[in-house]
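Down below is the structure, laid out as structure tokens.
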Amino acid sequence: MGVLDGKVVAVTGAGRGIGREIALAAAKEGACVVVNDFGTAADGEGEKSDTPAAEVVREIEGAGGKALANFASVADPAGATSIIEDAVAHFGQIDAVVNNAGFLRDRIWHKMSAIDWQQVIDVHLNGAFHVSKAATPYFKEQGSGSFVQFTSTSGLIGNFGQANYSAAKLGIVGLSQSIALDMERFGVRSNCVAPFAWSRMTASIPTDTEAQRDRVEKLKTMSAAKVAPLVVFLASDLSKEVNNQILSVRKNEIFLFSKPRPIRSMHRSEGWTPETIASDLVPALKSDFYGLDRSPDIIGWDPI
């Protein structure tokens, strides 16, 4: 008996990397899997290919599982809806959605174009919205369902050259939280996962300096397969008490991330002026100001 026996799970961006490992793991645990992948390059460019999704389906079926390929773009509302419709049409239901699809278009801020911005927002944030929205009526009607939304420490903490990606990934946290709050009454959960894993997306990280090369070598030790067990857990009924959380996988570590909450305050009965903010407030709060941190600055120890 697998933890997903009798469940139908849709995984976006499942043709390669983390999505592929999630699809394989879900099928191994008994789920019928809709394997969605638009089939473009890691930057969203290039000729579209049905091969990645089709190959994952063949691998699942070859192992005795059940799967269906879907080649739609999650950035297209109709395409995103087709992922859920295919699940219901072929397998009779939809029980979990894993919003993993995405690509990178990294540019330092002063060189980022409106196209770079819009296309990354479209596939990550809007894509998560479109697929989640399409599944929601089914989840609401059946009184159950799990969304697993993929975020990133680039948004949670920060990184160079990723304003588009960071904004989209932090936006997904807000989206997931709102879904969790609005849909809890219907038995529906939504959680976020921030993965550390070597994939064709992380392969685009620059290696110009010794520190960058060291970071990439560490990433290479973190296989995409390490992320799959947490996602399978969140998709299953085992996670019925886990909702509105941000979790992260880094090799054999699993983190629970905090959310923004007030940490300090200062009161003036007569109110504030720009001058008293500068003279009184800033000195009082400055010790708790955040620096210009990036993900590797905060999570810098070797993967274990």
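Quick note, the sequence shown lines up with residues 0 to 303 if you use numbering that gives the first Met the number 0.
Where a beta carbon is used, it is the ideal one built from N, C-alpha and C, also for glycine.
query                                                                                                            : result
Supposed close pair D94, K6 - CB separation, criterion 8 angstroms                                               : 4 angstroms
Residue-level contact to chain D via CB, W108, 8 angstroms cutoff                                                : Among the protein chains of the structure shown there is no chain D, as only one such chain exists.
Nearest-angstrom beta carbon gap, I178 and F321 [assumed within contact, 8 angstroms]                            : Outside the shown range of the chain (0 to 303) lies residue 321, about which nothing can therefore be said.
Short Cβ contact (8 angstroms threshold) for V32 with A25                                                        : yes
Spatial distance of I83 from P273 (CA atoms)                                                                     : 53 angstroms
Alpha helix (DSSP H) segments (min. 4 residues) lying fully within the segment 97–127                            : 113–120
Runs of alpha helix (DSSP H) lying entirely within the segment 193–281, each at least 4 residues, in chain order : 209–219, 227–234
Simplified DSSP state of S177, which is helix, strand or coil                                                    : helix
Assigned exposure category for S294 - 16 Cβ within 10 Å defines buried                                           : buried
Beta strand (DSSP E) runs wholly inside the segment 18–106, at least 3 long, in chain order                      : 31–35, 65–69, 95–98
Contact set for V8: own chain, Cβ-Cβ below 6 angstroms, skip 5 residues either direction                         : A25, A30, V32, A95, A234
Unbroken alpha helix (DSSP H) run spanning G154, endpoints                                                       : 152–155
S294, enclosing beta strand (DSSP E) - first and last residue                                                    : No beta strand (DSSP E) contains S294, which is instead part of the alpha helix (DSSP H) from 294–297.
Opening and closing residue of the beta strand (DSSP E) in which G5 lies                                         : Taken as a continuous stretch (DSSP letters only), G5 belongs to no beta strand (DSSP E), as it is neither H nor E.
Run of the beta strand (DSSP E) containing G186, from where it starts to where it stops                          : Unbroken run through G186: none, as it is neither H nor E.
Unbroken beta strand (DSSP E) run spanning Q308, endpoints                                                       : Any question about residue 308 goes unanswered here, given that the chain covers just 0 to 303.
Bridge partners - Q141, DSSP secondary structure assignment                                                      : The partner list for Q141 (beta bridge, DSSP) is empty, contrary to what the question assumes.
Proximal residues to S143 (C-beta, below 6 angstroms), its chain only, five neighbours per side dropped          : G186
Contact under 8 angstroms by Cβ, E20 with V172                                                                   : no
Straight-line gap, D181 to T80 (C-alpha atoms, nearest Å)                                                        : 20 angstroms
Beta carbon of D75 nearer than 8 angstroms to that of P51                                                        : no
Classification of H129 by the beta-carbon crowding that lies within 10 angstroms, buried from 16 upward          : buried
Identity of the residue in G14, P259, R249 nearest L169 by Cα                                                    : P259
Backbone CA spacing between Q176 and R267 [nearest angstrom]                                                     : 33 angstroms
Supposed contact pair T135 and V73 - C-beta distance, whole angstroms, cut 8 angstroms                           : Actually they are not in contact, since the Cβ atoms of V73 and T135 sit about 15 angstroms apart, beyond 8 angstroms.
Euclidean distance between Cα positions of V281 and S264                                                         : 11 angstroms
Contact set for E252: own chain, Cβ-Cβ below 7 angstroms, skip 5 residues either direction                       : I303
For N190, the nearest candidate out of R184, N243, Y164 (CA to CA)                                               : N243
Alpha carbon of V2 to alpha carbon of D287, nearest angstrom                                                     : 44 angstroms
K285 versus T152 - alpha carbon distance                                                                         : 24 angstroms
Alpha-carbon to alpha-carbon, G91 and A68                                                                        : 16 angstroms
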